[in-house]
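Trainee: Residue numbers (the working numbering): 2 to 168.
No residue lacks a Cβ here, since even glycine has one placed at the ideal position from N, Cα and C.
Everything numeric in this text was worked out from a predicted model, so none of it was measured.
1) Assuming residue 19 contacts residue 63 under a Cβ cut-off of 8 Å, what Cβ separation, rounded to an integer in Å, is found between them?
2) With burial defined as no fewer than 16 other Cβ atoms inside 10 Å of the residue's Cβ, what is the status of residue 150: buried or exposed?
3) Based on the DSSP secondary-structure assignment, which residues constitute the bridge partners of residue 122?
4) Which runs of the beta strand (DSSP E), 3 residues or longer, sit entirely within the segment 38-68?
5) Taking Cβ positions, are residue 9 and residue 73 nearer each other than 8 Å?
6) Measuring straight from C-alpha to C-alpha, what distance separates residue 89 and residue 167?
7) Please report the straight-line C-alpha distance between residue 154 and residue 145, rounded to a whole angstrom.
8) In whole angstroms, what is the alpha-carbon distance linking residue 60 and residue 11?
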């Protein structure tokens with residue numbers, strides 16, 4: 002129950018959707034439990050309809066349901082003040098980097114004709130800022146495009162805006 006309350010509290014403190022990796026970066030790295038146990042607890046919270054999982058591109062994003070939010074408030078005192086403080090501080094320090102890491106999304110699918118379709122998108126606070134779909138003859142090229150998009154998405158956005166909007 003302890004790990005489930007931690008997960009619920011983290012999601013409530015963050016105010017944004019988190020990935021399993023985001024939660025693991027705190028819970029597993031701090032030595033509270035291992036990745037396997039963490040995943041079991043996340044799955045049980047999903048089954049209990051306390052959190053929901055939404056798959057976007059190559060990631061699953063977790064967020065509280067209404068019932069999960071209420072449960073988090075009721076159960077938070079099961080966490081020590083030190084644990085709550087540690088979670089709150091972790092979220093406060095890392096929220097911008099977590100949000101930033103979520104903003105760039107890439108996905109590669111193989112088409113029936115053997116080409117690799119690369120879906121690249123940049124998310125803002127209210128939804129997608131822009132998205133690009135490209136086709137490549139080799140998976141290595143699609144992977145390279147995904148890596149480069151992650152590094153240069155801001156420059157790409159500026160370039161596109163400069164070219165399509167008369168500034």
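Mentor: In this structure, then:
1) Along the chain shown, one-based indexing puts residue 19 at 18. Along the chain shown, one-based indexing puts residue 63 at 62. Between the beta-carbon of residue 19 and that of residue 63 there is about 5 Å, and that keeps the pair under the 8 Å contact cut.
2) Stepping through the chain shown from its first residue, residue 150 is reached at position 149. Residue 150 is buried by the Cβ-count criterion.
3) Counting from one through the chain shown, the residue named residue 122 turns up at place 121. Note: residue 122 sits in a beta bridge opposite 106 and 132.
4) Runs found: 52-57 and 60-65.
5) As a working note, residue 9 is residue 8 in the chain shown. As a working note, residue 73 is residue 72 in the chain shown. Yes, the Cβ-Cβ distance between residue 9 and residue 73 is below 8 Å.
6) The residue labelled residue 89 in the question sits at position 88 within the chain shown. The residue labelled residue 167 in the question sits at position 166 within the chain shown. Residue 167 has its alpha-carbon roughly 44 Å from the corresponding atom of residue 89.
7) The sequence position of residue 154 within the chain shown is 153, counting from 1. The sequence position of residue 145 within the chain shown is 144, counting from 1. When rounded, the distance between both Cα atoms is 14 Å.
8) Counting from one through the chain shown, the residue named residue 60 turns up at place 59. Counting from one through the chain shown, the residue named residue 11 turns up at place 10. When rounded, the distance between both Cα atoms is 18 Å.
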